[in-house]
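The block underneath contains the structure these notes are about, expressed in structure tokens.
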Amino acid sequence: MKKLLLLVGILVMSLSLAACKGTEDDDRPKIYVTVYPMEFLIEEIAGDTVNVIQVPGASSHSDSIDWSAREIIDMINSDLLFYIHGGADDYIPDNADVFDDGDVELIDMSQHIEYNEVCYTHTHEEHEEEQTENPVDETCDANMISDDPHFWIDPVRMAEAALFVKDKLIATYPENEELYNNNYNVLNSALEKLDLDYQEMADNATKPIITTVMLFSYWHDRYDIEIISITTDAHSSETNPGELIEVLEIAQEHNVEYILFEKNANSPAGTQLLSDLQTTAPEAAALYLHGLGQITDDERDNGSTYLTLMIDNLTALNSATK
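Numbering (this note's numbering), first residue to last: 49 to 370.
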């Protein structure tokens with residue numbers, strides 16, 4: 049991002065800020081987020097007392113974003129901006145000086161939630177071995193180890209995030225403390241139930257799951273289910289033929305009937321693996337897991353939420369692990 053031009057844009061438009069501020073249709077306090085799960089937590093706890101807005105361009109998975117001066121002014125004059133770091137939205141800390149001229153508080157969730165570490169190299173040799181709580185291969189080069197920011201895949205960590213968000217909201221808007229506490233209690237109960245349902249699935253699992261993306265490590269960490277990814281990146285669909293053959297052999301060995309694709313994403317490698325598996329197991333099929341980092345407009349219109357999508361994921365896992 050061209051920081052100098054952005055800062056100049058802020059200065060040019062600053063004189064019109066007061067006038068613009070008074071003409072907004074929604075005069076509730078503004079809170080910005082970079083991922084859907086943070087939006088869900090804030091809206092569930094704060095209800096209609098705040099206006100939760102996605103950081104412009106956040107859904108693009110881009111390393112850098114060119115914001116307009118208007119967008120920057122709106123963000124720096126909000127109250128809070130939650131981001132998750134871990135390589136997912138580094139354009140926020142990389143451009144922290146852009147926010148210096150406003151009152152917004154930048155909140156890095158990686159400082160408040162313990163993230164898993166993952167190794168972005170590829171080997172399936174460990175699938176027969178005992179894995180550690182944070183499953184990083186011992187042969188992994190240090191440069192390939194990275195924090196996994198997708199903490200919301202784990203209902204327990206999501207509950208930890210909910211508690212932090214509740215406390216931050218009360219500190220920022222103390223007049224709403226009773227409402228926030230009541231809403232948090234309802235949400236926490238739902239997350240506890242979700243955790244129990246996932247644990248029940250894991251207790252009855254008899255097969256590993258094979259996924260097309262390296263996105264779901266938290267389920268191994270929390271529930272000790274075996275997860276084999278055909279790629280080495282959270283959203284990548286790239287792999288090589290040798291690795292694909294290796295995964296196919298594992299699938300055949302364990303009588304795996306389903307390949308788990310990331311919903312709203314393409315995976316040519318996953319499609320090829322499924323086709324190869326169907327030559328010996330014609331009943332093999334695709335199932336879909338939602339990464340939940342972002343949701344589509346259609347999903348919003350259909351009433352999908354973090355909880356409903358996690359239940360959909362659980363349904364897929366129950367089928368895949370039996």
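Ideal Cβ positions, reconstructed from N, Cα and C, are used throughout, including at glycine.
By how many angstroms is the C-alpha of residue j removed from the C-alpha of residue i?
| i | j | result |
| --- | --- | --- |
| glutamate 305 | phenylalanine 147 | 50 Å |
| leucine 53 | leucine 365 | Residue confidence is low: leucine 53 scores 46 on pLDDT, short of 50, so the model does not pin down where it sits. Its coordinate-derived value is still stated next. Distance between the alpha carbons of leucine 53 and leucine 365 is about 48 Å. |
| alanine 238 | glycine 95 | 16 Å |
| isoleucine 132 | threonine 328 | 42 Å |
| aspartate 406 | alanine 144 | Missing from the structure shown is residue 406; the chain here goes from 49 to 370 and no further. |
| tyrosine 354 | glutamate 347 | 11 Å |
| asparagine 252 | arginine 76 | 47 Å |
| histidine 160 | isoleucine 193 | 20 Å |
| tyrosine 271 | phenylalanine 264 | 11 Å |
| glutamate 153 | isoleucine 90 | 15 Å |
| methionine 262 | isoleucine 275 | 9 Å |
| proline 183 | glutamate 248 | Legend: pLDDT at proline 183 = 47, less than 50; position of this residue unreliable, value from coordinates given subsequently. Computed Cα separation, rounded: 22 Å. |
| isoleucine 120 | aspartate 149 | 10 Å |
| threonine 259 | asparagine 350 | 26 Å |
| proline 256 | alanine 368 | 8 Å |
| isoleucine 155 | phenylalanine 130 | 5 Å |
| valine 204 | asparagine 236 | 10 Å |
| phenylalanine 88 | valine 81 | 10 Å |
| leucine 321 | isoleucine 124 | 47 Å |
| threonine 296 | leucine 242 | The question names threonine, but residue 296 is leucine in the sequence shown. Rounded to whole angstroms, leucine 296 to leucine 242 spans 32 Å at the Cα level. |
| glycine 341 | alanine 136 | 10 Å |
| asparagine 314 | glutamate 301 | 26 Å |
| alanine 250 | aspartate 269 | 12 Å |
Nearest to residue i by alpha carbon, out of the options?
| i | options | result |
| --- | --- | --- |
| alanine 219 | Leu235, Phe88, Leu128 | Leu128 |
| cysteine 167 | Asp142, Asn236, Asp196 | Asp196 |
| leucine 211 | Glu226, Leu154, Asn233 | Asn233 |
| isoleucine 343 | Lys78, Asp74, Met86 | Met86 |
| aspartate 360 | Glu119, Gly134, Val204, Tyr246 | Tyr246 |
| serine 158 | Ile101, Asn236, Met206, Ile113 | Met206 |
| leucine 357 | Gly150, Glu301, Gln300, Asp202 | Asp202 |
| leucine 362 | Ala117, Gly339, Asp345 | Gly339 |
| valine 83 | Gly351, Ala117, Ile258, Gly134 | Gly134 |
| leucine 227 | Glu240, Asp156, Thr260, Ile93 | Ile93 |
| glutamate 208 | Ile155, Glu240, Thr254, Asn230 | Glu240 |
| tyrosine 266 | Ala299, Glu225, Trp200, Leu242 | Trp200 |
| isoleucine 101 | Arg118, Asn224, Asp122 | Asp122 |
| threonine 279 | Asp151, Gly318, Thr97 | Gly318 |
| histidine 198 | Ile273, Asn224, Glu162, Glu223 | Glu162 |
If we count the other Cβ atoms within 10 Å of its Cβ and call it buried at 16 or more, is residue i buried or exposed?
| i | result |
| --- | --- |
| serine 323 | exposed |
| histidine 170 | Low per-residue confidence applies at histidine 170: pLDDT is 44, beneath 50, and the placement is therefore not dependable enough to give any value. |
| aspartate 74 | exposed |
| lysine 214 | buried |
| lysine 78 | buried |
| proline 141 | exposed |
| serine 277 | buried |
| leucine 244 | exposed |
| serine 112 | exposed |
| proline 316 | exposed |
| proline 330 | exposed |
| asparagine 303 | exposed |
| serine 116 | exposed |
| threonine 254 | exposed |
| glutamate 1 | Nothing about residue 1 can be reported from this structure: the residues present for the chain run from 49 to 370 only. |
| asparagine 230 | exposed |
| asparagine 99 | buried |
| aspartate 345 | exposed |
| glycine 290 | exposed |
Got a sec: does the ligand SAM put a non-hydrogen atom nearer than 7 Å to the Cβ of residue i?
| i | result |
| --- | --- |
| alanine 332 | This structure lacks the ligand SAM, and indeed carries no ligand of any kind. |
Quick one: what's residue i bridged to in DSSP?
| i | result |
| --- | --- |
| asparagine 164 | Asp196 |
| isoleucine 276 | Ile258 |
| asparagine 99 | Lys78 |
| leucine 154 | Leu129 |
| alanine 334 | Ile307 |
Three or more beta-carbon pairs under 8 Å between the segment 219–239 and the segment 332–343, yes or no?
no
Counting pairs of beta carbons, one from the segment 99–119 and one from the segment 308–317, are three or more of them closer than 8 Å?
The answer is no - the segment 308–317 does not touch the segment 99–119, with fewer than three Cβ pairs under 8 Å.
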